[in-house]
Every structure is written in structure tokens, then in C-alpha cells.
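In terms of our numbering, the sequence shown opens at residue 96 and continues consecutively.
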Amino acid sequence: MHTIAQIPCGGPLDISELLDHSISFLSESTSDLKACALVARSWVRPAQAYLFKAPKIMYSRDGTTPAVAWQRFYDAVHHSPHLLSYIRQLDLQVGDIYYETCVKICDLPFSHLERVSISGWSSEVGQLLRLPTLRRLRISSFWWGGPSRRAWEDCSLTIRHLELEFLPESSTVPPPPPRAAHIQLHSLRLESQGAAPYRLTQSLRGFDLSHLKALSIGRGVEVNWQEYGPVLRSIQSLDVTVEENQPLIDFTAFPNLSLLRLAVLQPVPPMVYATLSTIAPSHPIHTITIVIVRTFLIENLDVSGCKQLAIKLASLPMRSPLTVKFETHCPHAEASRTFAGLDLGDRHPLVSTVDDTWWERVVSSS
Numbered sequence: 096m097h098t099i100a101q102i103p104c105g106g107p108l109d110i111s112e113l114l115d116h117s118i119s120f121l122s123e124s125t126s127d128l129k130a131c132a133l134v135a136r137s138w139v140r141p142a143q144a145y146l147f148k149a150p151k152i153m154y155s156r157d158g159t160t161p162a163v164a165w166q167r168f169y170d171a172v173h174h175s176p177h178l179l180s181y182i183r184q185l186d187l188q189v190g191d192i193y194y195e196t197c198v199k200i201c202d203l204p205f206s207h208l209e210r211v212s213i214s215g216w217s218s219e220v221g222q223l224l225r226l227p228t229l230r231r232l233r234i235s236s237f238w239w240g241g242p243s244r245r246a247w248e249d250c251s252l253t254i255r256h257l258e259l260e261f262l263p264e265s266s267t268v269p270p271p272p273p274r275a276a277h278i279q280l281h282s283l284r285l286e287s288q289g290a291a292p293y294r295l296t297q298s299l300r301g302f303d304l305s306h307l308k309a310l311s312i313g314r315g316v317e318v319n320w321q322e323y324g325p326v327l328r329s330i331q332s333l334d335v336t337v338e339e340n341q342p343l344i345d346f347t348a349f350p351n352l353s354l355l356r357l358a359v360l361q362p363v364p365p366m367v368y369a370t371l372s373t374i375a376p377s378h379p380i381h382t383i384t385i386v387i388v389r390t391f392l393i394e395n396l397d398v399s400g401c402k403q404l405a406i407k408l409a410s411l412p413m414r415s416p417l418t419v420k421f422e423t424h425c426p427h428a429e430a431s432r433t434f435a436g437l438d439l440g441d442r443h444p445l446v447s448t449v450d451d452t453w454w455e456r457v458v459s460s461s
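Below you can see the structure in the form of C-alpha cells.
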């Protein structure tokens, strides 16, 4: 706590804590942060810390390509190594980076890198998986074979949050190597790009899921829930994309589930109603969100199915208060009219556009 006598002669903004807090409000504006770095010597460190916390590499207005921008990024941290200590997150689009630049970036001595997102793959990227500070990992266009499998054989055991988007051929390869069994995951998000479903018969077992709190099963992924009975008991947040011919989900297997999110294709699959019927009156669940998938026009909305869902949710014999939400790409007013006139009591659904930040919030609290 600073007293008046302790305030530096340069003014309140020479107090490092106050300066950091003030600059944090500009953390999303690269141009403002660059301007802050030119104000005074004492402003350089906090401005650089936010500039390099999660470098945003993309096409710029002056026509600079990502490949050139990544080369400039490497040059900056190579000539000013102290910048590496500020980097907490790295998003790599492997196809957008010159091969030589990618090799040099992955070989940098990151000291505080906690979060890595990789789209595409090259053998050099595997070095990032070994970082002892790594906690969150997201890989798109992924499969367990080839160079990516070798990377898992000596990956960091500090990974706690994992997101994988499988390639179509992933279903034909074996589960992760034995070392993965020692990775204690707190959240797991899975999706598949394939036309045929990716069946999780072994892959989930490849990790230590005894402390899993959040699970998201996206499109193209099939789970035999009965195979993972003990694992389901610790899950507090569950997100499932419901497609036709999927097996029923028995929520009695999720005794600690508090947040349920169902992404429902149109028209509403019948198994959704049977699945919701497994929620017992004593279940601790307090929020159910129904996401209406791929409906941008009100004319394409399964109005009858949505009304039935709302009625079903309103009639659940819950002992504790239950919040019901519907999310859609349709405009608020038009989507809200779908439920007009329904007698749903205190469970009349909240209607909003699709929330793309919900998983980030869940993982942050896991």
C-alpha cells in the first residue's frame, strides 16, 4: 500500500501496480500498446508484457502475410530474449509459416508458455509439447499416427486441458502411447472432421481422467458412455453435440454434473427427450443450455421440436432451481417468439445468440 509520501515524483502512473492495471484495459489493442511503450521507460515493460502475452499473427492491413509476420516475431524475440518470458500463449498455423521460421520458433527457450494451439503438424512442433510449463494444448487436423504420435511419447506431464480435432483417418489408428496415461486431464474437448464417426473406444482411456471436470464431445465423435463409468462421476460440465442414431446418455452416471450443454441438430433428434428423462429430481444440475445448431434463418428452425424441448425441460421434477437457456443464430426477437404463449412457469427459457466463450470460462475455472 503506497502512502502519499511514497508516490513517485513522476505521478501515480509511476507506481508499477497502478501502471500495469491501467495498461491492462488496452490489452486488446496492439496499436495502443505500442504507443504506450513510447511514453516513458517505465511504461515499456508492462506494454511489452501485454503485446507478447499472446502474439496475434495474421494478415495485416499493409498486406504483410503471416509468414512474414512470424519471421518478424522471431527476429524480435531472438534479438530481445527477455520478451520470451512474457509469452503465455502461442497459436501456430503451421501452413502459414516458412519451414525454417517454424523450426527456429519451436526451438526458442520459452520459459512461461502455458497454452499452445496448433493447426496442422510438422515434426518440429512436437518440441512445444515437451515444455514443462505447458498446461493447455489444442491441436487441429490431428491423428495418433506418424510424427504426432512420437511427440506424445515424451510430452510434458503438466498438460491439464486438451482439445483435439481429429482427421478422418484417425479412427483407424491406435490410442495414444503409454506416457499419456500419466497426463492428468482436467478438461477434454474432442471433435472430428470425418464423415464417418470417430469412435472413442480406447482414446479416452489413454489419459488419466480421474480428475476430469469438463468434457466436450463435438460433431463426428461417438462415445460408448458405459465404458467410462468411473470417469463420468467427476465431471461437472458436459457438452455434447446430439446427432441422429446416437445412444442415450444416462445422467444418473454423472452425479456431480452441474452444467449441461446440448448442441442439437435440426430437426430435434428423438433421443434428446429420452436423455433428459434420465435426470432425477435430486440431481445437482442447475443449468441446461440447448444450442440450436446451424439455424441462421427463423424459417429453418424446428419450432415444434424446440417447443417440445422447452416443455420437457419445464416439466423436469427438479428439487433445486433450474436455469434453462436456448442459444441460436437466429435474431433474439424472432427466436423468442418461438416460446411465446407457452406456460413454462419460472423455467421459461432465456434466449440468446450462441455463446462462443463458454468453454473458455469453464476451462478457466477447472
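Every residue, glycine too, gets a C-beta built ideally from N, C-alpha and C.
Partner residues in the beta bridge of HIS256, as assigned by DSSP, are ARG231, SER282. Under the three-state reduction of DSSP output, PHE346 falls in the helix class. By the Cβ criterion, the segment 139 to 151 is in contact with the segment 115 to 128, since at least three pairs of Cβ atoms, one from each stretch, lie closer than 8 Å. The straight-line gap separating the alpha-carbon atoms of PRO416 and ILE234 is approximately 38 Å. By DSSP's assignment, PHE168 forms no beta bridge with any residue. Minimum Cα-Cα distance from TYR323 among the listed residues GLY315, GLU338, ASP303 corresponds to ASP303.
With respect to SER461, HIS277 sits apart: the two C-beta atoms are not nearer than 8 Å.
In the structure shown, the three-state DSSP call for ALA149 is coil. Runs of the alpha helix (DSSP H) lying entirely within the segment 355 to 421 and spanning at least 4 residues, in chain order: 366 to 371, 398 to 409. Rounded to whole angstroms, the Cβ separation of GLN184 and ARG210 is 4 Å, and the two are in contact under 8 Å. By the beta-carbon neighbour count (other beta carbons within 10 angstroms, threshold 16), ARG294 is exposed. Counting C-beta pairs closer than 8 Å gives three or more between the segment 355 to 363 and the segment 325 to 335, which meets the contact rule. The shortest C-alpha to C-alpha distance from SER137 to any of PRO150, ASP109, VAL163 is the one to ASP109. Comparing C-alpha distances from LEU310 to each of SER206, LEU259, LEU226 shows the shortest one belongs to LEU259. Secondary structure of ARG294 (DSSP, three-state): strand. Under the three-state reduction of DSSP output, ARG210 falls in the strand class.
Just measuring C-alpha positions, the residue of GLY436, ILE182, LEU179, PHE168 sitting nearest TYR193 is PHE168. The C-beta of GLU195 has fewer than 16 other C-beta atoms within 10 Å across all chains shown, which makes the residue exposed.
By the beta-carbon neighbour count (other beta carbons within 10 angstroms, threshold 16), LEU408 is buried. Distance between LEU223 and LEU360, taken at the CA atoms: about 36 Å.
Our two residues, HIS207 and SER329, have alpha carbons roughly 29 Å apart in a direct line.
Put simply, the backbone Cα of SER214 is about 15 Å away from that of VAL198. Counting other Cβ atoms within 10 Å of its Cβ, HIS256 reaches 16 or more and is therefore classed as buried. SER119 carries a helical assignment under DSSP once its states are collapsed to helix, strand and coil.
Taking the CA atoms as reference points, ARG230 sits about 38 Å from ARG442. The alpha-carbon separation between ARG274 and THR423 amounts to approximately 41 Å. Excluding sequence positions up to five before and after GLY221, its CB lies within less than 6 Å of the CB of ALA246, all in the same chain and listed in chain order. For VAL449, there is no enclosing beta strand (DSSP E), as DSSP gives it neither H nor E. Under DSSP, PHE237 shares a beta bridge with PHE261. In summary, THR370 is buried, with 16 or more beta-carbon neighbours lying within 10 Å of its beta-carbon over all protein chains present.
If you look at THR196, you'll find it in the alpha helix (DSSP H) that goes 194 to 201. Just measuring C-alpha positions, the residue of PRO350, THR418, LEU445 sitting nearest HIS381 is THR418.
With 16 or more other CB atoms across the displayed protein chains lying within 10 angstroms of its CB, SER243 is buried. According to the DSSP assignment, ALA309 belongs to the beta strand (DSSP E) that extends over 309 to 312.
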